[in-house]
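Going down the list, the protein sequences come from chains A and B.
Going by this note's numbering, the first residue of the first sequence is number 1, and it counts up by one from there.
Going by this note's numbering, the first residue of the second sequence is number 1001, and it counts up by one from there.
There are 2 protein chains.
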Amino acid sequence: MRVLVTGSSGFLGPHIVRHLASGANCDVTGFDLQAPPDHLFPAIEADFCDLGAIRQAVRGMDAVVHLGGVGDVYLATARPELAAQANVVGTTNVAIAAAEAGARVVYASTWEVYGPPSRTPVDEQHPCRPGHIYGATKLAGEQILNAVHQHDNLPVIVLRLGTAYGPGMRPNTVFSRFADAARAGQPLLVQGSGGQWRQFTHTSDIARAVALAVASDVEDATLNVVADESVTILGLAELAAKRYRSTVTFGPERHGDPPSARIASAAAARTLGWRPEVVFEQGLAELFGDLDARHNARPVSGD
Amino acid sequence: MRVLVTGSSGFLGPHIVRHLASGANCDVTGFDLQAPPDHLFPAIEADFCDLGAIRQAVRGMDAVVHLGGVGDVYLATARPELAAQANVVGTTNVAIAAAEAGARVVYASTWEVYGPPSRTPVDEQHPCRPGHIYGATKLAGEQILNAVHQHDNLPVIVLRLGTAYGPGMRPNTVFSRFADAARAGQPLLVQGSGGQWRQFTHTSDIARAVALAVASDVEDATLNVVADESVTILGLAELAAKRYRSTVTFGPERHGDPPSARIASAAAARTLGWRPEVVFEQGLAELFGDLDARHNARPVSGD
Chain A
1 MRVLVTGSSG FLGPHIVRHL ASGANCDVTG FDLQAPPDHL FPAIEADFCD LGAIRQAVRG
61 MDAVVHLGGV GDVYLATARP ELAAQANVVG TTNVAIAAAE AGARVVYAST WEVYGPPSRT
121 PVDEQHPCRP GHIYGATKLA GEQILNAVHQ HDNLPVIVLR LGTAYGPGMR PNTVFSRFAD
181 AARAGQPLLV QGSGGQWRQF THTSDIARAV ALAVASDVED ATLNVVADES VTILGLAELA
241 AKRYRSTVTF GPERHGDPPS ARIASAAAAR TLGWRPEVVF EQGLAELFGD LDARHNARPV
301 SGD
Chain B
1001 MRVLVTGSSG FLGPHIVRHL ASGANCDVTG FDLQAPPDHL FPAIEADFCD LGAIRQAVRG
1061 MDAVVHLGGV GDVYLATARP ELAAQANVVG TTNVAIAAAE AGARVVYAST WEVYGPPSRT
1121 PVDEQHPCRP GHIYGATKLA GEQILNAVHQ HDNLPVIVLR LGTAYGPGMR PNTVFSRFAD
1181 AARAGQPLLV QGSGGQWRQF THTSDIARAV ALAVASDVED ATLNVVADES VTILGLAELA
1241 AKRYRSTVTF GPERHGDPPS ARIASAAAAR TLGWRPEVVF EQGLAELFGD LDARHNARPV
1301 SGD
């Protein structure tokens, strides 16, 4: 099976490419503005906001895994027009190209499309009213794909992913901030009470869900792909403080943080047979190991 | 009150500008790629996909009535990337500019955001799953504005308009097609059974709703603005056939036509005091009069 993965040089990209190529036996090509880390897999360096470029790349593919776009909530808030361009116009281009090529689309959306929860657990029928631009543009991408599904029979599986964690994370996440602060001998700053929680979802669990969606013959589904465990930010800080022998301190709440909401992934279990497997404390220990290794690999100042 | 109206040279634009300026005593400036018909009101000729241009235009305004974008369902289907650019990136730019200027936004959305009805009457809590790109991009515009409302307190009133009719309609509507065919001595072609129906909503009723939304102090509302009368396409064809002494004929159904659904506008009555006033047969007679006048004003071939 020939699969194109957009956003292949981002955080999730290499995990998913690797899993599709080795675990699911796909013939995978990346598609990203930048070459993949260490040129580990074949990839097209191009922009999916260029309709001609993505059209050409999707021709002959059986599936497109569409991860690409502005994935950073803070960048999307600072530059909404960029997020709209990449996440909506870009996804529209992917939809056009896939419909023409007869390729199915697996779209990486986010639990953040729901916005403030009106009831819990939040399943896929919960109304969507995202409270920030990132969520609004990701939801728009879903709707574009769903419209092309209805109009032109494009097979589409939307995966609403939990907050992802795992090796290779961006440096502005709470995980990196805690590890960096601890190593610098500073206390770990929790914004707000720390009582807000997330169902952090491991990259390997996400990669498995994507591979199941690529191999599925379901033609129309929207599925939460979110780990079961709820971890408070304070709980995370305490685990980090224990590992690094640091302490926890509190600061003002951050504006616009999405509210905590219990997300249910029962539909992904029914539809794809997907269940999360990584226990958070194990995944976290592995992630901190990765962050430490990357930290230690940095050239020491003065070298 | 200073009001900027985007899309001011489109079908609805001149109706709304005129009503705001004379009926609601606003100081109105248009904003469109093209100058207004006969330069009837002041307008900026620019593109709201250019963030700098719309930022400059919105500065100092109290409200933005955002009508602009790709409003033609068929063009949006043929060129989804254009519709995404204008309707989503463009609306994102309007949201940014309005939030910075402290201006409220009144956004012209459409009943077509609902998609296939799961229950009727369709009120604003009905789920949205638009079956074509036009509806998906208009819904995306709503969500961008709602996200900026939640994040930055931008006051937003979304008006989900019924299929608009009235003087100045585009030539590819069913109204013009019937009038043109009848004048050419051809029978009126109904696609499908003609049993599908619409709640055609008159431009003057829409203009009143927009003026009420501009003057309102409501900061967050999504409201159907749709006439009560349901008119079948066959009924419309028979009224046209009677006027022009023509006959009705039937052809195959058109792919992707949005399904008929009873839309309720009770929330607009409660929130804005809006109720439709134009009786369809009167509005239709006036529209055919306008189409005939425009037809007769065309230079005769050979002149």
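Heads up, the beta-carbon is just placed ideally off N, CA and C, and yes, glycines get one too.
Just so you know, these numbers come straight off a predicted model, no measurement behind them.
By the three-class DSSP mapping on this structure, what secondary structure does L1004(B) have?
The count along the second sequence starts at 1 and reaches residue 1004(B) at position 4. Looking at L1004(B) - three-state DSSP - the assignment turns out to be strand.
To which residues does DSSP link L1154(B) through a beta bridge?
Here residue 1154(B) corresponds to residue number 154 of the second sequence, with the count starting at 1. Looking at the DSSP assignment, L1154(B) forms no beta bridge with any residue, so it has no partner.
Are T1092(B) and P80(A) closer than 8 Å when you measure CB to CB?
As a first step, residue 1092(B) must be located in the second sequence, where it is residue number 92. As a first step, residue 80(A) must be located in the first sequence, where it is residue number 80. Contact: yes.
Exposed or buried, what is Y1074(B) when buried is set at 16 or more other beta-carbons lying within 10 Å of its beta-carbon?
The sequence position of residue 1074(B) within the second sequence is 74, counting from 1. Y1074(B) comes out exposed.
Considering only their Cβ atoms, is the gap separating A1179(B) from L1272(B) smaller than 8 Å?
Here residue 1272(B) refers to the residue found at position 272 of the second sequence. Here residue 1179(B) refers to the residue found at position 179 of the second sequence. Cβ atoms of L1272(B) and A1179(B): not closer than 8 Å.
Kindly indicate which residue of S1204(B), A1108(B), R1245(B) and V1231(B) has the alpha-carbon position closest to the one of R1275(B).
As a first step, residue 1275(B) must be located in the second sequence, where it is residue number 275. For R1275(B), the nearest C-alpha among the options comes from S1204(B).
Across the segment 1032-1040 of chain B and the segment 1088-1102 of chain B, are there enough close Cβ pairs to call them in contact, namely three or more that are closer than 8 Å?
At 8 Å Cβ cutoff, the stretches do not touch.
Go ahead and pull the three-state DSSP assignment for D1205(B).
Position 205 of the second sequence, counting from 1, holds the residue named residue 1205(B). Three-state DSSP puts D1205(B) in a helix.
In angstroms, rounded to a whole number, what distance separates the CA positions of L223(A) and L159(A)?
To locate residue 223(A), count along the first sequence from 1; it is residue 223. To locate residue 159(A), count along the first sequence from 1; it is residue 159. Distance between the alpha carbons of L223(A) and L159(A): 5 Å.
Is there a C-beta anywhere in chain A that falls below 8 Å from the one on V1218(B)?
Counting from one through the second sequence, the residue named residue 1218(B) turns up at place 218. No, no contact with chain A.
What residues in its chain sit with their C-beta under 7 Å from that of T137(A), if we drop five residues either side in the sequence?
For the purposes of this step, residue 137(A) is taken as the residue at position 137 of the first sequence. The residues are A76, A83, A84, N87 and V88.
Any beta carbon from chain A within less than 8 Å of A1140(B)'s own beta carbon?
As a working mapping, residue 1140(B) is identified with position 140 in the second sequence. So, interface residue.
Please report the straight-line C-alpha distance between L189(A) and G1060(B), rounded to a whole angstrom.
Residue mapping note: residue 189(A) aligns to position 189 of the first sequence, counting from 1. Residue mapping note: residue 1060(B) aligns to position 60 of the second sequence, counting from 1. Cα-Cα distance, rounded: 41 Å.
Give the C-beta separation of G68(A) and F48(A) to the nearest angstrom, bearing in mind that I take them to be a contact with Cβ-Cβ under 8 Å.
Within the first sequence, numbered from 1, the residue matching residue 68(A) stands at position 68. Within the first sequence, numbered from 1, the residue matching residue 48(A) stands at position 48. Yes, they are in contact, since the Cβ atoms of G68(A) and F48(A) sit about 6 Å apart, within 8 Å.
Applying the 10 Å Cβ sphere with the 16-neighbour rule, what's the burial state of A1140(B)?
In the second sequence, residue 1140(B) corresponds to position 140, counting from 1. A1140(B) should be labelled buried.
Among the residues of its own chain, which have a CB less than 8 Å from the CB of V1122(B), if the five just before and after it don't count?
On the second sequence, residue 1122(B) is found 122 positions in, with the first residue counted as 1. Contacts found: W1111, Y1114, N1224, A1261, R1262, I1263 and A1264.
Using the C-alpha atoms, what's the distance from A63(A) back to A1285(B)?
For this step, residue 1285(B) is matched to residue 285 along the second sequence. For this step, residue 63(A) is matched to residue 63 along the first sequence. Roughly 52 Å separates the two Cα atoms.
From the DSSP output, in three-state form, read off D180(A) for me.
Working through the first sequence from its first residue, we reach residue 180(A) at position 180. Reduced to three states, the DSSP call for D180(A) is helix.
Touching or not, the segment 1144-1151 of chain B and the segment 162-170 of chain A, by the rule of three or more beta carbon pairs under 8 Å?
Result no; under three Cβ-Cβ pairs closer than 8 Å.
Excluding the five sequence neighbours on either side, which residues of its own chain have a C-beta within less than 6 Å of the C-beta of R310(A), listed in chain order?
Within the shown structure, residues of chain A are numbered from 1 to 303, placing residue 310(A) beyond reach of any answer.
For a quick check, are the C-beta atoms of H1019(B) and A1207(B) less than 8 Å apart?
Looking up residue 1019(B) in the second sequence gives position 19. Looking up residue 1207(B) in the second sequence gives position 207. In contact: H1019(B) and A1207(B) (Cβ atoms closer than 8 Å).
Looking at chain B, which residues of the segment 94-105 of chain A have a Cβ within less than 9 Å of any of its Cβ atoms?
Cβ contacts with chain B: A95 and I96.
Rounded to the nearest angstrom, what separates G1283(B) and H1202(B) at their Cα positions?
The residue you call residue 1283(B) lines up with position 283 of the second sequence. The residue you call residue 1202(B) lines up with position 202 of the second sequence. Whole-angstrom Cα-Cα distance: 7 Å.
Verify whether the separation of the beta carbon atoms of D32(A) and E45(A) is less than 8 Å.
The count along the first sequence starts at 1 and reaches residue 32(A) at position 32. The count along the first sequence starts at 1 and reaches residue 45(A) at position 45. Yes, the Cβ-Cβ distance between D32(A) and E45(A) is below 8 Å.
So, using beta-carbon positions, are M954(B) and F1280(B) closer together than 8 Å?
Because chain B spans 1001 through 1303 in this model, residue 954(B) falls outside it and cannot be assessed.
Against chain B, with Cβ distances strictly below 8 Å, would E81(A) count as a contact?
The count along the first sequence starts at 1 and reaches residue 81(A) at position 81. Yes, because at least one Cβ of chain B sits closer than 8 Å to the Cβ of E81(A).
Note the first and the last residue of the continuous beta strand (DSSP E) segment covering Y1107(B).
Locating residue 1107(B) in the second sequence gives position 107, counting from the first residue. Taken as a continuous stretch (DSSP letters only), the beta strand (DSSP E) holding Y1107(B) covers R1104 to T1110.
Would you give the residue range spanned by the alpha helix (DSSP H) that G1090(B) belongs to?
Position 90 of the second sequence, counted from the first residue, corresponds to residue 1090(B). G1090 to A1101 is the extent of the alpha helix (DSSP H) around G1090(B).
Considering only heavy atoms of the ligand FAD, does any lie closer than 7 Å to the CB of G131(A)?
In terms of ligand content, the structure shown is empty, and the ligand FAD therefore cannot be addressed.
List, in chain order, every chain A residue whose beta-carbon is nearer than 8 Å to that of T1110(B).
On the second sequence, position 110 is the one that residue 1110(B) refers to. Those do not exist, as T1110(B) stays about 13 Å from chain A at its closest Cβ, beyond 8 Å.
Any Cβ of chain B within less than 8 Å of the Cβ of N146(A)?
Locating residue 146(A) in the first sequence gives position 146, counting from the first residue. So yes, N146(A) belongs to the interface.
Could you please give the first and the last residue of the uninterrupted beta strand (DSSP E) stretch that includes L67(A)?
One-based indexing of the first sequence puts residue 67(A) at position 67. Careful: L67(A) lies outside any beta strand (DSSP E) and carries neither H nor E.
Residues of chain A with a CB under 7 Å from the CB of V1051(B): which are they?
Numbered from 1 along the second sequence, position 51 holds the residue referred to as residue 1051(B). With the sequence shown as reference, residue 1051(B) is identified as Leu, and Val is not the correct amino acid for it. Per Cβ cutoff of 7 Å: E81.
Mapping the DSSP letters down to three states, classify L1040(B) as helix, strand or coil.
On the second sequence, residue 1040(B) is found 40 positions in, with the first residue counted as 1. Three-state DSSP puts L1040(B) in coil, outside helix and strand.
Who are D27(A)'s beta bridge partners in DSSP?
Here residue 27(A) corresponds to residue number 27 of the first sequence, with the count starting at 1. R2(A), per the DSSP bridge assignment.
Is it buried or exposed for T1247(B), if we count other Cβ within 10 angstroms and need 16 for buried?
Along the second sequence, read from residue 1 onward, the residue named residue 1247(B) stands at position 247. Exposed: under 16 other Cβ atoms inside 10 Å.
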